[in-house]
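S.K.: Next up is a structure, given as structure tokens.
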Amino acid sequence: MSKKPVRVAVTGAAGQIGYALLFRIASGEMLGKDQPVILQLLEIPDEKAQKA
205 MSKKPVRVAV
215 TGAAGQIGYA
225 LLFRIASGEM
235 LGKDQPVILQ
245 LLEIPDEKAQ
255 KA
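Per the working numbering, the sequence shown starts with residue 205, numbered consecutively.
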């Protein structure tokens, strides 16, 4: 019987911490190699960057 996927949302996914965390989750280091995951990557737009 296969495990039900775990949905993981990562905010700030484009940053350095998000990048390191995503690798650990996707490789199975965080939740286990036999645990399927659904990654949702969220990046909240910076208002200053949009105005430039």
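All residues carry an ideal CB built from backbone N, CA and C; glycine is no exception.
Please read these numbers as outputs of a predicted model, since none were measured by experiment.
Assuming V210 and L225 are in contact, meaning their beta carbons sit under 8 Å apart, how far apart are those beta carbons, in whole angstroms?
M.R.: With a Cβ gap of about 14 Å, V210 and L225 do not count as contacting.
S.K.: Against chain C, does E251 count as a neighbour if the rule is that its beta carbon must be under 9 Å from one of theirs?
M.R.: Absent from the structure: chain C. Only one protein chain is present.
S.K.: Out of I229, Q239, A217, point me to the one whose CA is closest to L246's CA.
M.R.: Nearest option by C-alpha distance: A217.
S.K.: How many Å lie between G236 and Q220 at the Cα?
M.R.: Each residue's alpha carbon lies about 23 Å from the other.
S.K.: Under the DSSP definition of a beta bridge, which residues are partnered with A213?
M.R.: Partner(s): Q244.
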